[in-house]
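Enquirer: This structure is in structure tokens; I'll ask about it shortly.
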Amino acid sequence: MRKAQYIIALDQGTTSTRSIIFTPTGQALSVSRREFPQHYPKLGWVEHNPEDIWNDAIFTIKTAISEAKLDNKISEIAAIGITNQRETVVLWDKATGKPLYNAIVWQDRRTSEYCQKLKATGIEQTIHEKTGLLLDPYFSATKLAWLLDNVANARARAERGELAFGTIDSFLLWRLTGGKVHATDATNASRTLLFNIKTQSWDPELLKIFNIPESLLPEVKDNSTLFGTTNSELFGHAIPIMGMAGDQQAALIGQACFEQGMTKATYGTGCFMLLNTGDQMVISQNRMLTTTAYRLNGKPTYALEGSIFVAGAAIKWLRDGIGLITHASQTNDMATQVENNHEVYMVPAFVGLGAPHWAPNAKALITGLTFNATAAHVARAALESIAYQTYDLGKAMKKDSNSDIMTIRVDGGMSANDWFCQFLADIMNITVERPSYIETTAMGAAYLAGMASGIWNDLSDVSQHWAQGSTFRSNMKEDERTKKIKGWNFALKQALLTDD
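Residue numbers for the sequence shown follow this note's numbering, so the first one is 771 and each next one is one higher.
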């Protein structure tokens, strides 16, 4: 029998699920991807059907195995690593494994009023000190509280210990192991508003604040460890699940940002920028988040994080919402068709604004339109908006960390856009590094599973596999940069006025 050598990375995102099989050299052997429907039952509500996510996870894993010609070599798969959209909440029946309601997605704003009521009590500072997070509908706890209070008999059943709560990673783990394991990892737990990132444990005071029964909660594990094994009936052979991390922390690992001060920005549905702060838990004074970057051998490493709710989703809106484009790649060419932005700015507050503004009710807008503005200007404004939002994050992080950010490693679908990467470098006046393989979220999940299964030894071993692709350096004049940022700030101010 050949030694188990392949890793499956299950990357469950906001709009699609993909499975990638990696070799010991970090090469992608096969990729399977499926988009799934988004559900918007009311204004500001965003839901997923957990069964869609489960079915797509199994489909993509099986397809990736088949395309890698490993159908009869399942024993050569060393482990599965899972990475997932964070903060999205599932509540299910322990006896049947069936969800009681759709998954409430991280973008969902239904608990905005609840968050405001809690803020009025003055409790946010306590929550911030324990979790590193702010009171916002983005995080899991208020979503879970809503489910318990609005789904018939949910709270009573939870009190009797009949139900289980989890973010998507935990739900998939439960299903993959046939209901034998109810667990999560330290990074996903740290996004719930229920997890004390100092003590690295569920916090009784936080559970009381949100009225959450402790029996609902999963066990919290390190990121690289044995979580359980798959039901052998699923793939014909039991496969260990040995890595797990929220998507942004997985991308930090995939980008090999292991040294204090190293920074990455992932451009997917949203944009999430993380600055490694080492073993120092830096509590932001500028409305950034403090989060667990990863936990290995019981030891946490922390990060400052800035969360932008809409990045690639703005490009998706150009395609699906108003039919301005038919493919995201068109925006690169459209941006180069015009000499400048014609003072057209987009503020993509389609689901409110995240860091550093935290304006959950802000509305999206486009400013500066004249009869001379074209579709190309609007497409360019959408791309520019994502760079401006990243600039705002970088400015806040600089204040918190007392150090300049000189280089950012970028990944995710939008990072393939050369025009965008150059504009990002120009607006932030930094160097932007893009790896040769941009699917670093899946790569991070693979590294975690691979370290636990012995394919890679440690983080220094993982670092050897990070390969730089393209580099983008700022060449914009300072007066032009200042003018563009001034225009952005004016447009941003208008959007913030809609946060009522």
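Every residue gets a Cβ at the ideal spot worked out from N, C-alpha and C, and that includes glycine.
1. Along the alpha helix (DSSP H) that carries Asp1103, what are the first and last residues, could you check?
2. Would Leu870 and Asp878 be called neighbours here (beta carbons separated by less than 9 Å)?
3. What runs of the beta strand (DSSP E), each 3 residues or longer, lie entirely inside the stretch 915-979?
4. In whole angstroms, give me the CA-to-CA distance for Cys1191 and Thr1137.
5. Between the alpha carbons of Arg1243 and Ile1078, how many angstroms are there, rounded?
6. Does DSSP classify His818 as helix, strand or coil?
7. Given a threshold of 16 other Cβ atoms within 10 Å of its Cβ, counted over all protein chains shown, does Met771 qualify as buried or as exposed?
8. Below 8 Å, how does it come out for the stretch 1041-1059 and the stretch 1224-1243: are there three or more Cβ pairs, yes or no?
9. Within this structure, are the beta carbons of Leu861 and Ala779 separated by less than 9 Å?
10. Looking at the secondary structure, which residues open and close the beta strand (DSSP E) in which Glu1203 lies?
11. Between the stretch 1213-1224 and the stretch 845-852, do three or more beta carbon pairs fall short of 8 Å?
12. Between which residues of its own chain and Phe1057 is the CB-CB distance below 8 Å, once the five residues before and five after are set aside?
13. How far does the alpha helix (DSSP H) with Asn1046 in it reach, from first residue to last?
14. My assumption, with CB atoms under 8 Å, is that Thr787 sits in contact with Ala827. Please give the rounded CB distance.
15. Based on the DSSP output, what are the partners of Arg788 in its beta bridges?
16. Count the CB pairs spanning the stretch 1086-1095 and the stretch 1060-1070 that are closer than 8 Å, and state whether there are at least three.
17. Cα separation between Thr1106 and Trp1189?
18. Check for me: the beta strand (DSSP E) holding Trp1128 runs from which residue to which?
19. Counting Cβ pairs closer than 8 Å, one from the stretch 1196-1209 and one from the stretch 1142-1162, do we hit at least three?
20. On the criterion of 16 or more Cβ atoms from any shown chain inside 10 Å, does Ala926 qualify as buried, or is it exposed?
21. Could you check the C-alpha separation between Pro1130 and Thr912 for me, to the nearest Å?
22. Return the chain-ordered list of same chain residues with a C-beta closer than 8 Å to the C-beta of Leu1266, the five sequence neighbours on each side being excluded.
23. Please tell me whether Ala956 and Thr1211 are closer than 9 Å, where the distance is taken between their beta carbons.
24. Considering Cα atoms alone, identify which of His1112, Lys1034 and Phe1141 is closest to Gly1076.
25. Does the separation of the CB atoms of His1147 and Val1121 fall below 9 Å?
26. Which one of Ser836, Leu1074, Phe1193 and Ile1225 has the shortest CA to CA distance from Thr795?
27. Examine the Cβ distances between the stretch 1015-1030 and the stretch 1201-1211 and report whether three or more of them are shorter than 8 Å.
28. Check each candidate in Tyr1037, Thr1036 and Leu1022 and name the one with the smallest Cα separation from Gln1030.
29. Pull up the DSSP beta-bridge partners for Leu1123, would you.
30. Check whether the stretch 1089-1099 and the stretch 978-994 are in contact - that is, three or more C-beta pairs closer than 8 Å.
31. For the beta strand (DSSP E) containing Thr891, list its first residue and its last residue.
Expert: Well, looking at it:
1. Taken as a continuous stretch (DSSP letters only), the alpha helix (DSSP H) holding Asp1103 covers Gln1100 to Gln1107.
2. No; because the gap between Cβ atoms is not below 9 Å, this pair is not in contact.
3. You should have 933-937 and 953-955.
4. Taking the CA atoms as reference points, Cys1191 sits about 23 Å from Thr1137.
5. Those two C-alpha atoms are separated by around 23 Å.
6. Reduced to three states, the DSSP call for His818 is strand.
7. Reliability of the predicted coordinates at Met771 is poor, the pLDDT of 43 falling under 50, and the value obtained from them is presented with this limitation in mind. Counting Cβ neighbours within 10 Å, Met771 comes out exposed, since fewer than 16 surround it.
8. Put simply, the stretch 1041-1059 does not touch the stretch 1224-1243. Fewer than three CB pairs are less than 8 Å apart.
9. Note that the C-beta distance between Leu861 and Ala779 is not below 9 Å.
10. Its beta strand (DSSP E) spans residues Thr1201 to Pro1205.
11. Yes, the stretch 1213-1224 touches the stretch 845-852.
12. Before going on, a small fix: residue 1057 reads as Arg here, not Phe. Counting only Cβ-Cβ distances below 8 Å, and skipping sequence neighbours, we find Leu904, Ala1125, Pro1126, His1127, Trp1128 and Ala1166.
13. Annotation: Asn1046 is outside any alpha helix (DSSP H); the continuous beta strand (DSSP E) that includes it extends over Cys1041 to Gly1048.
14. About 6 Å; that satisfies the 8 Å criterion.
15. For Arg788, which the question treats as bridged, DSSP gives the partners Asp781 and Arg803.
16. The stretch 1086-1095 is not in contact with the stretch 1060-1070.
17. Distance between the alpha carbons of Thr1106 and Trp1189 is about 8 Å.
18. Trp1128 -> no beta strand (DSSP E), and no H or E assigned at all.
19. Flag = yes, the stretch 1196-1209 and the stretch 1142-1162 touch.
20. That one is exposed.
21. Cα to Cα, the separation comes out at about 14 Å.
22. Cβ within range, chain order: Leu1123, His1127, Ala1129 and Ala1132.
23. Cβ atoms of Ala956 and Thr1211: not closer than 9 Å.
24. A check of alpha carbon separations from Gly1076 across His1112, Lys1034 and Phe1141 identifies Lys1034 as the nearest.
25. Pairing His1147 with Val1121 gives a Cβ-Cβ distance that is not under 9 Å.
26. Looking only at Ser836, Leu1074, Phe1193 and Ile1225, the smallest Cα-Cα distance to Thr795 is reached by Ile1225.
27. With a cut-off of 8 Å, the stretch 1201-1211 and the stretch 1015-1030 count as touching, because enough Cβ pairs lie within range.
28. Taking only the C-alpha atoms, the option nearest Gln1030 is Leu1022.
29. Bridge partners of Leu1123: Ala1129.
30. Result no; under three Cβ-Cβ pairs closer than 8 Å.
31. Where Thr891 is concerned, there is no enclosing beta strand (DSSP E), given that its DSSP letter is neither H nor E.
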